[in-house]
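Working notes, beginning with the structure itself.
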Amino acid sequence: MTEGDPLAAPVYAGEGYKPFGEFTLADVEARAKELTAASGFGPTVRVASVARAWSELARAMAAAGARTVADLEPEAAADFARRTWALPPSLL
Numbered sequence: 311m312t313e314g315d316p317l318a319a320p321v322y323a324g325e326g327y328k329p330f331g332e333f334t335l336a337d338v339e340a341r342a343k344e345l346t347a348a349s350g351f352g353p354t355v356r357v358a359s360v361a362r363a364w365s366e367l368a369r370a371m372a373a374a375g376a377r378t379v380a381d382l383e384p385e386a387a388a389d390f391a392r393r394t395w396a397l398p399p400s401l402l
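For our numbering, count along the sequence shown from 1 and bump the result up by 310.
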């Protein structure tokens, strides 16, 4: 995987991994909910910004009528791949 193909980045989706671009709105909402529940104090406080990015991705998909992340504009999808850590920070 390279920084040039954010839609191909494997991301955990409940029962296994799938490409970021194949995440549906329901997948994105579930990931946002899961990460929001995991965020709190101490070391987990960093999770809050990632959870917020997943929530923002869900809103963007709903507003655009996107069924999957790949249905978003390429620039928006790439931005969300970074913000949601679909592309881990070490690859940025």
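Using N, Cα and C, we set each Cβ at its ideal position, and we do this for glycine too.
Query                                                                                                                                   : Result
Among R341, A348 and G331, the one whose alpha carbon lies nearest that of E366                                                         : R341
T354, DSSP secondary structure in three states                                                                                          : helix
Close Cβ partners of A388 (< 7 angstroms) along its chain, the five nearest in sequence each way excluded                               : P316
Alpha helix (DSSP H) segment containing V338, residue limits                                                                            : L335 to A348
Contacts around A323, its chain only, beta-carbon distance under 6 angstroms, and the 5 residues preceding and following it disregarded : D337
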